[in-house]
Structures are given as C-alpha cells and as structure tokens.
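Here's the structure, in structure tokens; my notes come after.
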Amino acid sequence: MMINLDVATATCVMGVLMVALGLMFQGNWRRGGEVFSPSRHWAMAAILYGSGSLLIAFRAQLPPLFSVVFANTLIMVSITLIHRGIALFVGGKAQDAWYWAASLLVLISFSWFTFAAPNVDARIVIISLMRIPFFVHGMVLLRRSGRSRGEGLLFWVLAAATPWFAIRAGVTGLTDLAIVDFLKAGTFQAFNFLISGVTGVLMVVAQYRLEAERVRADLAAEALRLRQDRDHLEAVVAERTKELTRSNAELEQFAYVTSHDLRQPLRMVTSYLTLLSRKLGSSLDADGQSFIDFAVDGARRMDALIVALLEYSRIGRGNGKPEPVSLDQAMADTLRNLSVVMAETGADIHIAATLPVVEGDRIEFVRLFQNLIGNAIKYVAPDTIPQIRVTCEDEGETWLIRFRDNGIGIPPEDAERVFGVFQRLVGQEQYEGCGIGLAVCRKIVEHLGGNIWEESVPGGGSCFNLRLPKSRNAPLSLAS
Numbered sequence: 003m004m005i006n007l008d009v010a011t012a013t014c015v016m017g018v019l020m021v022a023l024g025l026m027f028q029g030n031w032r033r034g035g036e037v038f039s040p041s042r043h044w045a046m047a048a049i050l051y052g053s054g055s056l057l058i059a060f061r062a063q064l065p066p067l068f069s070v071v072f073a074n075t076l077i078m079v080s081i082t083l084i085h086r087g088i089a090l091f092v093g094g095k096a097q098d099a100w101y102w103a104a105s106l107l108v109l110i111s112f113s114w115f116t117f118a119a120p121n122v123d124a125r126i127v128i129i130s131l132m133r134i135p136f137f138v139h140g141m142v143l144l145r146r147s148g149r150s151r152g153e154g155l156l157f158w159v160l161a162a163a164t165p166w167f168a169i170r171a172g173v174t175g176l177t178d179l180a181i182v183d184f185l186k187a188g189t190f191q192a193f194n195f196l197i198s199g200v201t202g203v204l205m206v207v208a209q210y211r212l213e214a215e216r217v218r219a220d221l222a223a224e225a226l227r228l229r230q231d232r233d234h235l236e237a238v239v240a241e242r243t244k245e246l247t248r249s250n251a252e253l254e255q256f257a258y259v260t261s262h263d264l265r266q267p268l269r270m271v272t273s274y275l276t277l278l279s280r281k282l283g284s285s286l287d288a289d290g291q292s293f294i295d296f297a298v299d300g301a302r303r304m305d306a307l308i309v310a311l312l313e314y315s316r317i318g319r320g321n322g323k324p325e326p327v328s329l330d331q332a333m334a335d336t337l338r339n340l341s342v343v344m345a346e347t348g349a350d351i352h353i354a355a356t357l358p359v360v361e362g363d364r365i366e367f368v369r370l371f372q373n374l375i376g377n378a379i380k381y382v383a384p385d386t387i388p389q390i391r392v393t394c395e396d397e398g399e400t401w402l403i404r405f406r407d408n409g410i411g412i413p414p415e416d417a418e419r420v421f422g423v424f425q426r427l428v429g430q431e432q433y434e435g436c437g438i439g440l441a442v443c444r445k446i447v448e449h450l451g452g453n454i455w456e457e458s459v460p461g462g463g464s465c466f467n468l469r470l471p472k473s474r475n476a477p478l479s480l481a482s
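Here is the structure:
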C-alpha cells in the first residue's frame with residue numbers, strides 16, 4: 003500500500019507543533035521569573051523554526067520572497083539559536099559573528115537561487131549543509147559537558163539529524179533518473195519535512211528536559227543552602243544558649259552572694275546598733291538616740307533594697323514550665339499576705355466576681371498583685387481610706403484586668419517613667435519604698451507575654467491596666 007503525504011500538510015502540522023511547543027516552553031520560562039538565557043534561545047528557536055515551516059506550507063499562496071527566502075532564513079536563524087543556547091548552557095562563549103554570517107549567507111544565497119538563477123537543488127544543498135557545522139559543534143560542546151541525561155538526549159538527537167541532512171545534501175545533486183524522480187516525489191518531500199519536524203520536536207523535548215534539570219538543580223542547591231543556613235543558625239542558637247546558661251548560672255551565683263554575703267553585714271550592723279542602743283540606754287541623749295535610729299533605718303532600707311533587687315533579678319527564672327493558674331486563688335493569697343496592713347488602714351478592696359485562669363507562675367502572680375494592691379494602699383493622701391477596685395474584661399484573645407484606686411495619682415507625663423527601676427515620684431520621707439515595685443510588675447507581666455500601663459483616673463487616683471494573653475503564644479496589641 004502506497005502512503006501519499008502532502009508536503010503542505012506535513013509542513014503545516016510540523017510548523018504548528020513547533021510554534022506551540024516554543025510558546026509553551028517560553029511561557030514556562032517566563033513564569034519562572036528569571037532570565038535563563040538558554041531557555042529563552044531554545045524557545046525562540048522552536049517558534050522561528052515552526053514559523054518558517056508554516057511559510058513553506060503555504061508556498062502556493064505566498065510569494066517566493068516569504069515562502070522560500072524568508073522561510074528558510076527563519077529556519078537558519080533557529081539553528082543558530084539552538085547552538086547559542088547550547089553554548090550558554092555549557093558555559094561556553096556564543097559565536098555571534100558566525101550566527102550573523104550564516105543567517106545572511108542563507109538569505110543572500112536563497113535570494114539568488116530564487117530570483118536571479120532559480121535552482122531548487124542548490125537551495126536544498128545550502129540549507130542542509132548549513133546546519134551540519136552547528137549540529138556537530140553543538141555535539142562537541144555537549145559531549146565535553148556531559149553532566150545530565152537531558153544533555154545526552156540532545157546530543158543523540160543532533161547525532162541522528164546530522165547524517166540525515168548530510169545524505170540529503172549529497173544525493174540532491176545526483177543525475178540518476180530513478181533517484182531524481184524519487185527525490186522530487188511529493189511523498190519523499192513530505193517525509194523529509196516530517197523527519198525535520200520530528201528532529202525539531204525532539205530537540206525541544208531535550209531542551210525542555212535540560213530546563214527541568216536546571217530547575218531541579220537550582221532547587222537542590224537552594225535547599226542545600228537553606229539546610230546549611232539552618233545548621234549554622236542552630237549552631238549559633240546552641241552557642242547562645244550555652245552562653246545564656248552560663249550567664250544564668252553566674253546570675254544565680256550573684257543572687258546568692260547578694261542574698262547572703264551582702265545582707266549578712268547589714269544584719270550585723272543593725273543588730274549591733276540595736277544592742278548598743280539598749281546597753282547605753284539612758285546615757286544616750288536625744289541626738290545620740292536619733293543618730294542610732296537613723297543608722298538602723300538606713301541599714302534596714304538597704305536590706306529591703308537588696309531584697310527588692312534580688313526579687314527583680316529572679317523574675318521569670320523559675321524552673322517549672324508555665325501552668326494554668328487561677329487568678330482568684332492568686333488574689334486570695336495576695337489579700338492574705340496584706341491582711342495586716344489592710345486592717346491597719348481599713349482598706350476597702352472590691353474584687354470582680356470571678357477572675358480567669360491563665361498560664362504562668364502562681365508565685366509571680368501573687369507578687370504582681372501584692373505590689374499593685376500594696377502600692378494602692380500605701381500611696382493615698384493622709385486620713386484617706388484606700389479604695390481599690392479590681393475588674394476583668396474578656397477581649398477575645400486576651401484578658402484586661404484593671405486596678406483602680408483613690409490614691410495620690412500619677413501625672414500623665416510620668417505614666418511611663420514610674421515603671422523604671424529606682425524611679426520615685428515622691429520623697430522617702432513621705433512614703434516608704436525603694437522605687438522598684440512597679441519595675442517588678444512590668445517585668446513579671448512582660449515575662450507572662452502581656453503588657454502593663456497606667457492611666458489617670460478623673461477626680462484623682464490611678465488605674466493600672468494588665469493585658470494578659472489567654473495563650474502564651476497569643477499576639478498582643480500594645481496599649482496606645
């Protein structure tokens with residue numbers, strides 16, 4: 003059975019397929035978001051090769067300038083782009099001068115053998131032979147590189163195409179009538195274009211595979227870099243953790259020295275001054291007794307300051323993990339600790355019906371509440387009964403707990419300064435204290451993942467606001 007193929011149909015099918023593959027290839031390259039030159043050249047080569055084939059397919063409808071001269075020039079340009087892409091892919095140098103020379107040679111020779119001295123055989127020989135140097139050199143470049151299967155596939159496609167075009171050029175000039183009739187038959191011409199098209203398709207497939215391998219190699223390199231960065235960060239974190247552990251140990255040692263070695267001399271001074279006062283008794287005049295009292299009071303205040311600093315340094319350094327803490331229970335412990343001073347001052351303290359359960363350390367919550375309520379009881383005007391109101395609001399991901407009092411208040415410009423260490427807004431002679439209580443409160447709240455701020459209350463007094471997360475990982479919006 004004879005197979006009759008139409009040249010126009012074969013070249014049209016091949017042209018559409020090549021253009022489609024080229025556009026798809028170029029689309030993938032563009033979506034990659036980077037300029038990878040070999041992909042760009044190979045995609046354009048497929049588009050130009052297909053465009054030239056389409057012009058040839060419609061040679062019956064188009065003038066020779068387009069269907070012969072321009073069509074074969076486009077095919078030659080596509081061959082040079084394939085070679086240029088290979089050269090760039092393997093890290094070689096593109097031979098632009100040779101590409102221009104080959105393309106111009108095809109343009110000039112096809113113009114001559116189409117219009118000045120029409121010769122179909124000459125055109126076939128020229129377009130066949132012009133491919134061979136670029137194919138052979140491309141194979142040499144790929145063989146030298148030989149890094150992947152995609153390069154191997156492209157190498158063998160070029161190796162198969164090279165002898166075909168050499169044979170085609172060699173038999174074109176034969177004069178044997180049988181061979182001439184066979185070569186000029188439409189079926190052979192169609193097969194010729196189909197083989198050329200299959201070769202082109204295989205080239206695109208091989209080039210597409212090279213691109214995929216490049217992407218995988220880039221991803222692998224990026225993954226390796228990320229792993230190395232991660233390992234480096236883990237090493238840095240481990241080193242920092244080691245340093246932090248060492249610093250914590252040193253701080254623990256310092257805390258021990260502070261609590262024992264520094265306080266012991268103060269206790270000795272206080273004890274001996276008290277004994278001296280008792281022994282001398284009536285022999286001391288008023289000034290002498292006053293001097294001893296001042297010295298004892300100073301030693302006691304120094305001891306209280308050391309205890310406060312020790313308490314501040316130990317915040318957040320508990321050994322246990324955060325646990326659910328009932329703030330109702332923490333508040334009950336606080337009021338029990340303050341029961342004596344509450345009875346002495348007649349303080350009126352009203353607590354919200356129910357306080358929530360949050361994660362943290364119960365001892366730190368007791369310390370926090372005791373500082374806030376203790377300050378509210380202490381810092382009131384003379385002959386004023388302290389009144390404290392504690393409320394709680396559910397804000398969704400956080401709890402807002404407010405401590406309102408009727409104390410002396412805090413000027414708005416000092417609302418932030420009061421949370422600093424050793425910051426006092428009133429004199430020691432008016433109200434006792436070491437100026438570290440609110441700094442302790444802020445450090446506790448921030449360790450719990452929350453924040454604290456103060457607002458003035460219209461008509462006097464202050465309102466201390468605590469915003470605590472329901473979960474230790476819950477995001478917080480800071481107070482404005």
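FYI, the numbering for the sequence shown is 3 to 482, going by this note's numbering. From the three backbone atoms N, C-alpha and C, an ideal C-beta is built for every residue, glycine too.
Note on geometry: alpha-carbon atoms of residue 291 and residue 463 lie some 38 Å from one another. Taken through DSSP and simplified to helix, strand or coil, residue 324 comes out as coil. Under the DSSP definition of a beta bridge, residue 392 partners with 353, 405.
For residue 117, there is no enclosing alpha helix (DSSP H), since its DSSP letter is neither H nor E.
Secondary structure note for residue 92: it is in no alpha helix (DSSP H), with a DSSP letter that is neither H nor E. For the 9 Å CB-CB criterion, residue 253 and residue 438 do not form a contact. Beta-bridge pairing by DSSP links residue 359 to 328. Look at residue 386 here: in three-state DSSP terms it is coil, with no helix or strand label. Exclusion of the five residues before and after residue 80 leaves 47, 50, 51 as the residues of its chain whose Cβ lies within less than 6 Å of its Cβ. Taking one beta carbon from each stretch, the stretch 447-455 and the stretch 360-370 have 3 or more pairs nearer than 8 Å; the two touch. Exclusion of the five residues before and after residue 157 leaves 141, 144, 145 as the residues of its chain whose Cβ lies within less than 7 Å of its Cβ.
For residue 454, there is no enclosing alpha helix (DSSP H); the residue is found in the beta strand (DSSP E) stretching over 453-458. By the neighbour-count criterion, in which a residue is buried when 16 or more other Cβ atoms sit within 10 angstroms of its Cβ, residue 373 is buried.
Taking a cut-off of 8 Å for Cβ pairs, the stretch 64-83 and the stretch 129-141 touch, as three or more such pairs fall below it. Going by DSSP, residue 286 is part of no beta strand (DSSP E) at all; its letter is neither H nor E. Under the three-pair Cβ rule at 8 Å, the stretch 329-337 does not count as touching the stretch 284-302. The bridge partners DSSP lists for residue 467 are 404, 455. Using a Cβ distance threshold of 9 Å, residue 317 and residue 366 count as a contacting pair. For residue 97 and residue 25, the gap between their C-alpha atoms comes out near 25 Å. For residue 130, the CB contacts under 7 Å within the same chain, skipping 5 residues up- and downstream, are 167, 170, 171 in chain order.
Around the C-beta of residue 442, 16 or more other C-beta atoms lie within 10 Å, and the residue is accordingly described as buried. Sorting 77, 418, 67 by C-alpha distance to the C-alpha of residue 20 places 77 at the top. About 5 Å separates the beta carbons of residue 330 and residue 357, which is inside the 8 Å limit, making them a contact pair.
In the structure shown, residue 378 falls within a helical segment according to DSSP collapsed to helix, strand and coil.
Put simply, of 220, 99, 127 the residue whose alpha carbon is nearest the alpha carbon of residue 112 is 127.
Minimum Cα-Cα distance from residue 354 among the listed residues 400, 405, 347, 387 corresponds to 405.
For residue 135, the enclosing alpha helix (DSSP H) has its first and last residue at 133-147. Residue 222 and residue 238 have their alpha carbons spaced roughly 24 Å apart. For residue 345, the uninterrupted alpha helix (DSSP H) run begins and ends at 341-347, by DSSP. Beyond the five residues adjoining it in sequence on each side, residue 43 comes within less than 6 Å, by CB distance, of 83, 86, 87 in the same chain, given in chain order. Of the other Cβ atoms in all chains shown, fewer than 16 fall within 10 Å of the Cβ of residue 122; this residue is therefore exposed. With a cutoff of 9 Å on beta-carbon distance, residue 390 and residue 403 are scored as not near each other. Annotation: the continuous alpha helix (DSSP H) that includes residue 445 extends over 439-449. The three-state secondary structure of residue 62, taken from DSSP, is coil.
Residue environment for residue 401: buried (at least 16 other C-beta atoms within 10 angstroms of its C-beta). The alpha-carbon of residue 277 is positioned some 10 Å away from that of residue 270.
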